[in-house]
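Protein chains in written order, with my numbering: chain A, 1 to 221; chain B, 1001 to 1647.
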């Protein structure tokens, strides 16, 4: 917290008069930012669902739905593992935060490193999933090729835009986690550490939640 | 503590030194007051640019079958005029005045995140630079400020103009969201002790509401423009019907943002009016709670009316009926505000200063704009009026007659606080009347030509349609409107030199910013005031005239008094303000460079093969961002409240 964001006490030294919500300013700001990002991902996911519904209707009219449903591309073999990885990383993040609050720095480093490794695995796994989909015929293009047949559809475009931006957010999260890791290692005694960890944790949980939403709405349903 | 006993500071510090311009202090500033001034000056420059664009258009339209401008240039001008006025003028002017005034009004030393604040201003300027660069690099955006698909697809808009539009506004959008986050946390967390939300000035309330609108409305525009960028550059087809896309999707995404956007443009100005009217009526605002909550109501309702911009598209009667009803309902909280403003002035001791004249100009012109909005809210009537000059009349009455007249009121009101000088009142009043008359001469006839069938966004028209005389009158009015702006510029420049020195509280006002010197020292308040009412300064000056009935606990001490302070005052040096830093500017510069790369991501520029130069820009931009983030982290440790402790 900077000098400008401290809660104020009146000059008689009495208990602070109302003027603040009592939540750390950076945490409040991050929550508001998460609110904004929620709408960002909602718009991306909604766009994808709208165009998928159109593709389905078009295929159903042509009697090709069962055969050419683009959902065939979205196998859950790898992606459910990715979901598990990200959920596990949220758990390790919580454990890292708890360790930072109780100043158990060795434990903290272990759990935060675990989070970083799990997060990086997600990004790498997602990148592999993308190359796999490209090889199978689903690309960022207004048509896809399934078993030799081309279907004019925006499924690929909307899918890659949505998951691509999610992957970008995870990548930024991993960089942020690394930054916090090195900062805490360098300045272990800083009283700011627990809040720094909590802030990156808050962002990380949000990014995980977005994947839960995408995985459920796009892969499972 | 009567107003007559105020002391004057000797010379405003801005003019005190005769040395060279303090570049570093301004370019690396994180002080909300300097940042506010940079916003205000930049927004005013864009106002002049947008005004020139308007004048060029009006010259072209002054006579039928005119050949002053080609259709293509005209398209660029009307696109850039609107984009400039909305994104580069009214929004930053609101943010600039808000940046300067809000921390002062709540008794804070700065915004919650001073470095993020600096990032916002430089990012805004980067976006504005990109937008205007387009004029020199093959053509400005020309698809209208609303950029309807599929006209904006690359095959129909082959110049880089629309890419500049997407990326320039992407940068200003990030700046706006960051700024809104800053305002939310500042207002919620940094009010002076005793200033509950119920005691906040209404200008602060409106900035809070608008900040929430920004963070929830902008992401949709960001997504829409990213999708358009993908269409143009990366093989997407979101909005291209020929390839399975949907042009309507663009309209929904855009207007879901675009309608809340107009409330972003007007609500802060309504907040300014709510501050100015009570001061110059010597009465508290009538119905404080109603005015505050009607602002909140407008904020919420503003999100469910967007498709009234799409009545002509064929959404069907159910959708039309819903959006029509919601749009009419939004007139209610607006009317609540207007009646409360009138009631504030009623039986008040009214002083018709220039600021007060502008505030009344705002109310009357906004009412006219609101009435034309009511007719537009009815789909059957709108089908006649949409895409005609009637809409141009409506939007200018609410945006110029509303936002801009209100901003002039704010300018005349807060200029003394920001500069330490009074604007000349005699020149101001002349300027007001020239502007009021010429504004109406320019825009009122547009209701008529619109109703007589003149479409919007046309670069010329046939003679003998009944439009000629009105267009000519409008063009003449435009030149007088420009002249009134020049009078204002003259007033500003001469007042800065030789204007009457301003005391702390030249208007005998009610809110905290008038307790400290004009302009304030860097730390704002030597002693953070303790607040126990809605009008802390007024009640300190006139304890027997305190009349709004909200005094808080009987024993709660208030401590508001005039401060006569500067950087040398004893105790001032102990107040640690955040250090100057270039990191926010470097970060914004990096994002701007990267954005420029994305404009040309599929083209060959600078004599290099396709994409090489563009990717170079992107990589350099990312490197600058990384370097800036590093510096930012170093800065945050330098300014940490735990300075001096081993940390």
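Backbone N, C-alpha and C define an ideal beta-carbon position, used for all residues, glycine too.
Everything numeric in this text was worked out from a predicted model, so none of it was measured.
Which residues in chain B have a C-beta closer than 8 Å to the C-beta of residue i? List them in chain order.
i, result
"residue 35/A", "1215 and 1216"
"residue 152/A", "1243 and 1244"
"residue 100/A", "Residues of chain B passing the Cβ test: none, with the nearest at roughly 14 Å."
"residue 157/A", "1230, 1235, 1236, 1237 and 1238"
"residue 75/A", "Within chain B, no residue comes near residue 75/A; the closest Cβ sits about 24 Å away, beyond 8 Å."
"residue 90/A", "Correct list: empty, because the minimum Cβ distance to chain B is about 23 Å."
By the DSSP assignment, the alpha helix (DSSP H) with residue i in it spans what residues?
i, result
"residue 1060/B", "1032 to 1061"
"residue 146/A", "Note, residue 146/A: premise wrong, no alpha helix (DSSP H); beta strand (DSSP E) at 143 to 146."
"residue 121/A", "105 to 136"
"residue 1338/B", "1331 to 1345"
"residue 204/A", "193 to 214"
"residue 1028/B", "Premise fails: residue 1028/B is in no alpha helix (DSSP H) and is neither H nor E."
"residue 41/A", "25 to 61"
"residue 1099/B", "1091 to 1105"
"residue 1504/B", "Looking at the DSSP string, residue 1504/B is not in any alpha helix (DSSP H), and its letter there is neither H nor E."
"residue 1126/B", "1114 to 1133"
"residue 1648/B", "This structure leaves residue 1648/B out entirely; chain B is present only between 1001 and 1647."
"residue 1306/B", "Here residue 1306/B belongs to no alpha helix (DSSP H), and DSSP marks it neither H nor E."
"residue 1418/B", "1405 to 1419"
Could you check which residue in the options has the C-alpha nearest to that of residue i?
i, options, result
"residue 1363/B", "1060/B, 1139/B, 1572/B and 1266/B", "1266/B"
"residue 1093/B", "1327/B, 1360/B, 1405/B and 1481/B", "1405/B"
"residue 1026/B", "1118/B, 1264/B and 1274/B", "1118/B"
"residue 1565/B", "1525/B, 1158/B, 1593/B and 1529/B", "1525/B"
"residue 1158/B", "1113/B, 1198/B, 1126/B and 1232/B", "1232/B"
"residue 1731/B", "1633/B, 1343/B, 1173/B and 1629/B", "One cannot answer for residue 1731/B here, as it falls past the ends of chain B, which runs 1001 to 1647."
"residue 1073/B", "1086/B, 1056/B and 1637/B", "1056/B"
"residue 1128/B", "1095/B, 1170/B and 1104/B", "1170/B"
"residue 1581/B", "1543/B, 1563/B and 1631/B", "1631/B"
"residue 1036/B", "1104/B, 1051/B, 1392/B and 1048/B", "1104/B"
"residue 1415/B", "1028/B, 1096/B and 1619/B", "1096/B"
"residue 1305/B", "1293/B, 1476/B, 1330/B and 1313/B", "1330/B"
"residue 1191/B", "1464/B, 1576/B, 1513/B and 1571/B", "1513/B"
"residue 133/A", "172/A, 156/A, 150/A and 83/A", "156/A"
"residue 1487/B", "1408/B, 1269/B, 1079/B and 1567/B", "1408/B"
"residue 1578/B", "1113/B, 1529/B, 1509/B and 1084/B", "1113/B"
"residue 1594/B", "1168/B, 1458/B and 1078/B", "1168/B"
Mind listing the chain A neighbours of residue i? Cutoff is C-beta to C-beta under 9 Å, in chain order.
i, result
"residue 1069/B", "Within chain A, no residue comes near residue 1069/B; the closest Cβ sits about 37 Å away, beyond 9 Å."
"residue 1220/B", "39, 40, 42 and 43"
"residue 1374/B", "Neighbours of residue 1374/B on chain A: none; closest Cβ ~29 Å, over 9 Å."
What are the start and end residues of the beta strand (DSSP E) that includes residue i?
i, result
"residue 151/A", "149 to 152"
Mapping DSSP to helix, strand and coil, what is residue i?
i, result
"residue 1379/B", "helix"
"residue 1516/B", "coil"
"residue 1282/B", "coil"
"residue 1620/B", "helix"
"residue 1317/B", "helix"
"residue 1266/B", "helix"
"residue 220/A", "helix"
"residue 1575/B", "coil"
"residue 1388/B", "strand"
"residue 1552/B", "Interpretation of residue 1552/B is limited by its pLDDT of 47, a score under 50 that renders its predicted location unreliable; the figure taken from the coordinates is listed afterwards. Residue state, collapsed to three classes: coil."
"residue 188/A", "coil"
"residue 6/A", "Residue placement at residue 6/A is poorly supported in this model, since its pLDDT is 44, which falls under 50; the coordinates still yield a value, given next. Three-state DSSP puts residue 6/A in coil, outside helix and strand."
"residue 1199/B", "helix"
"residue 1455/B", "strand"
"residue 1528/B", "coil"
"residue 1559/B", "strand"
Please list, in chain order, the chain A residues whose beta carbon lies closer than 7 Å to that of residue i.
i, result
"residue 1235/B", "140 and 141"
Under 7 Å Cβ-Cβ, which residues of chain B neighbour residue i?
i, result
"residue 21/A", "1188 and 1189"
"residue 173/A", "Per Cβ cutoff of 7 Å: no residues; residue 173/A is ~14 Å from chain B at best."
Cβ closer than 8 Å: which chain A residues qualify as neighbours of residue i?
i, result
"residue 1363/B", "Simply none; closest approach about 32 Å."
For this session: Give a yes or no on contact between the segment 1317 to 1332 of chain B and the segment 1234 to 1249 of chain B, applying the rule of three or more CB pairs nearer than 8 Å.
Result: Here the segment 1317 to 1332 of chain B makes no contact with the segment 1234 to 1249 of chain B; the two share fewer than three CB pairs at distances below 8 Å.
Exercise. Given 8 Å as the limit, is there contact between the segment 1131 to 1143 of chain B and the segment 1191 to 1211 of chain B, that is, 3 or more CB pairs closer than that?
Worked result: Touching, no.
Exercise. Does the segment 25 to 39 of chain A touch the segment 1179 to 1198 of chain B, meaning 3 or more C-beta pairs lie closer than 8 Å?
Worked result: Verdict: yes, contact present.
Exercise. What residues in the segment 1161 to 1179 of chain B bring their beta carbon closer than 8 Å to a beta carbon of chain D?
Worked result: Note that chain D does not occur in the displayed structure, where the protein chains are A and B.
Problem set entry | the segment 72 to 81 of chain A touching the segment 134 to 147 of chain A, judged by at least three CB pairs closer than 8 Å | The way I'd put it, the segment 72 to 81 of chain A does touch the segment 134 to 147 of chain A; three or more beta-carbon pairs between them come closer than 8 Å.
Problem set entry | At least 3 beta-carbon pairs within less than 8 Å: the segment 1289 to 1304 of chain B vs the segment 1235 to 1245 of chain B | No: the two stretches stay apart, fewer than three of their Cβ pairs being nearer than 8 Å.
Exercise. Taking contact to mean at least 3 C-beta pairs separated by less than 8 Å, is the segment 95 to 106 of chain A in contact with the segment 184 to 197 of chain A?
Worked result: With a cut-off of 8 Å, the segment 184 to 197 of chain A and the segment 95 to 106 of chain A count as touching, because enough Cβ pairs lie within range.
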